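S.K.: The structure follows.
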Amino acid sequence: MDSAQREKKNKYFFPPFLFIGVLFGLMQICASECVAQTQINTIRLVETRHVDDNEQPLSYPTTIAYDDTRDEIIVTDAGKSQLVVFNNELFPIASLDQGRGIMGVTSCLPSKEGFYVTCGSTENGDGYIALVNKAFIIEKKIRPAQLNPQLGKFTATRLIANTNNRFYVLSVERSAVSVFDQNWRYQHDIIPKDEKLGIPEPASIQALDCDSHGNLYFLSEERGRVFVYDLHEKFLYKFGEKGGAERKLARPRGISVDSKNRRLYIVDYLRHTVSSYTLGGDYLFEIGGKGNRPGWFLYPTDVTVDMEGNIYITDTFNHRIQEFSITAQ
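Given below as structure tokens:
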């Protein structure tokens, strides 16, 4: 990488000062952001990976998740309808594909039991969530539409599990966030709203995550915004601005919370970048830009963070995974 590219890759931004007087309901999230942040973040490319455990090229890696119980990275390769597991050095160690009974894989949620894998419509038109154990054997197929007929057709695309023993699920058929209890009984929908020409309208959600306190972060691609709720699903605030310039979100597709360092990352598919914010919504810095050399992206789609604060991005149209370390000086 030449010096000009390295300079662009290692952009430094000084985030704005935050006021001490914040609303009482937001203090849990914003407490550590109430001090002026003047650190410069050093961004370093750690590793890139182009192949799976069979030394075959990745096709179109899309979603990515971190398994904190095993310190592993799980990637969905949509082009091959498979999951690929990487160790903490981004070395591929295992994969799960259609030969093991999963079809149309869209995302993965690591759990103590193994993985929850969202799978697209099958021959009977019914999407399902596969619970896969640590031996990569499907223990059961959860079909939310059959368990909850009032839902109608329901094809899950992404999901998270929160500390309140609830699942928060996105689906093809609904633009809202559907909430289920631990036995997959449907509870209700959460429908974030945003104003358009002064009129509140529902905002469709494409990605979601939660922090260590159970606060929920819902990302809307169409609005270029993040909607934040507390553990009890009470709306707190929203942030983000739609646009194609720096500090704005054009087509955000993925979101991940770094609870340790109290910030979050958002992948922008159209700007080919990853933007970082405080948990209170203040912009910090961005990584990347359009390109195919290491440290650059071509239509990235998702991001996750490990226990050390390293971030991993599915660089979809470059057919690879990239890992970065970020340290404050």
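Position 235 (the sequence shown) corresponds to 235 in UniProt numbering; numbering is contiguous. Note that beta-carbon positions come from the ideal geometry of N, C-alpha and C, so glycine has one too. Since the model is a prediction, treat every value here as computed from it, not as a measurement.
1. Counting along the chain, where does the alpha helix (DSSP H) carrying residue 300 start and finish?
2. Could you tell me the distance, in whole angstroms, from the CA atom of residue 321 to the CA atom of residue 54?
3. Give the range of the beta strand (DSSP E) segment to which residue 328 is assigned.
4. Can the beta-carbon of residue 68 be found less than 7 Å from the beta-carbon of residue 307?
5. Just to confirm, are residue 249 and residue 268 a CB contact at a threshold of 7 Å?
6. Hey, residue 43 and residue 287 are a contact pair by Cβ (cut 8 Å); roughly how many whole angstroms apart?
7. Take residue 62 as the anchor and find which of 152, 314, 279 has the nearest alpha-carbon.
8. Scan the segment 129–161 and note each continuous beta strand (DSSP E) run of 3 residues or more that stays entirely inside, going in chain order.
9. Given this structure, state the Cα-to-Cα distance separating residue 90 from residue 323, to the nearest angstrom.
10. Cutting at 6 Å between CB atoms, please list the residues of its own chain near residue 326, excluding the five before and the five after it.
11. Determine, using beta carbons only, whether residue 52 and residue 110 come nearer to each other than 7 Å.
12. Using only the alpha-carbon positions, how far apart do residue 9 and residue 247 sit?
13. Less than 7 Å between the C-beta atoms of residue 58 and residue 319, yes or no?
14. Count Cβ pairs between the segment 194–207 and the segment 230–237 that sit closer than 8 Å; are there 3 or more?
15. Does DSSP classify residue 288 as helix, strand or coil?
16. Thinking C-alpha only, which one of 272, 278, 303 is nearest residue 291?
17. Does residue 310 pass the burial test, meaning 16 or more other C-beta atoms within 10 Å, or should it be called exposed?
18. List the endpoints of the continuous beta strand (DSSP E) containing residue 101.
19. Restricting to Cα atoms, I'd like to know which of 165, 303, 134, 173 is closest to residue 126.
20. Sorted by chain position, which residues of the same chain lie with C-beta nearer than 7 Å to residue 65's C-beta, five sequence neighbours on each side aside?
21. Could you tell me the alpha carbon to alpha carbon distance between residue 317 and residue 136, rounded to whole angstroms?
M.R.: Straight from the coordinates:
1. Residue numbering aside, residue 300 sits at position 300 when the sequence shown is read from its first letter. Premise fails: residue 300 is in no alpha helix (DSSP H) and is neither H nor E.
2. The sequence position of residue 321 within the sequence shown is 321, counting from 1. The sequence position of residue 54 within the sequence shown is 54, counting from 1. For residue 321 and residue 54, the distance between alpha carbons rounds to 16 Å.
3. Taking the sequence shown and counting its residues from 1, one reaches residue 328 at position 328. It spans 320–328 - the beta strand (DSSP E) in which residue 328 sits, taken as one unbroken run.
4. Here the question's residue 68 lines up with position 68 in the sequence shown. Here the question's residue 307 lines up with position 307 in the sequence shown. Yes. Within cutoff.
5. For the purposes of this step, residue 249 is taken as residue 249 along the sequence shown, with counting starting at 1. For the purposes of this step, residue 268 is taken as residue 268 along the sequence shown, with counting starting at 1. Yes. Within cutoff.
6. The sequence position of residue 43 within the sequence shown is 43, counting from 1. The sequence position of residue 287 within the sequence shown is 287, counting from 1. Correct: roughly 6 Å between the Cβ atoms.
7. Reading the sequence shown from its first residue, position 62 is the one you call residue 62. The closest CA to that of residue 62, considering only 152, 314, 279, is found on 314.
8. Scanning the segment 129–161 from its first residue to its last, the whole beta strand (DSSP E) runs of 3-plus residues come out as 138–142, 156–161.
9. Your numbering for residue 90 matches position 90 in the sequence shown. Your numbering for residue 323 matches position 323 in the sequence shown. The alpha-carbon atoms of residue 90 and residue 323 are separated by roughly 8 Å.
10. Position 326 of the sequence shown, counted from the first residue, corresponds to residue 326. Closer than 6 Å at the Cβ level, and outside the excluded window around residue 326, lie 41, 43.
11. Here residue 52 refers to the residue found at position 52 when the sequence shown is read from its first residue. Here residue 110 refers to the residue found at position 110 when the sequence shown is read from its first residue. No, the Cβ-Cβ distance between residue 52 and residue 110 is not below 7 Å.
12. Within the sequence shown, the letter at position 9 stands for residue 9. Within the sequence shown, the letter at position 247 stands for residue 247. At residue 9 the pLDDT is 43, less than 50, meaning the model places this residue with poor confidence and gives no usable figure here.
13. For the purposes of this step, residue 58 is identified with residue 58 of the sequence shown, where counting begins at 1. For the purposes of this step, residue 319 is identified with residue 319 of the sequence shown, where counting begins at 1. For residue 58 and residue 319, yes; Cβs fall inside 7 Å.
14. At 8 Å Cβ cutoff, the stretches do not touch.
15. The residue labelled residue 288 in the question sits at position 288 within the sequence shown. Three-state result, residue 288: strand.
16. In the sequence shown, the residue the question calls residue 291 occupies position 291. Each of 272, 278, 303 was checked against the Cα of residue 291, and the nearest Cα belongs to 272.
17. Your numbering for residue 310 matches position 310 in the sequence shown. By the 10 Å Cβ count, residue 310 comes out buried.
18. Taking the first residue of the sequence shown as 1, we reach residue 101 at position 101. It is not in any beta strand (DSSP E) - residue 101 carries neither H nor E in the DSSP assignment.
19. Locating residue 126 in the sequence shown gives position 126, counting from the first residue. Comparing Cα-Cα distances from residue 126 to each of 165, 303, 134, 173, the minimum goes to 173.
20. Within the sequence shown, residue 65 is the residue found at index 65, counting from 1. Taken in chain order, the residues that qualify are 74, 108, 109, 110, 304.
21. What you label residue 317 is simply residue 317 of the sequence shown in a count that begins at 1. What you label residue 136 is simply residue 136 of the sequence shown in a count that begins at 1. Put simply, the backbone Cα of residue 317 is about 28 Å away from that of residue 136.
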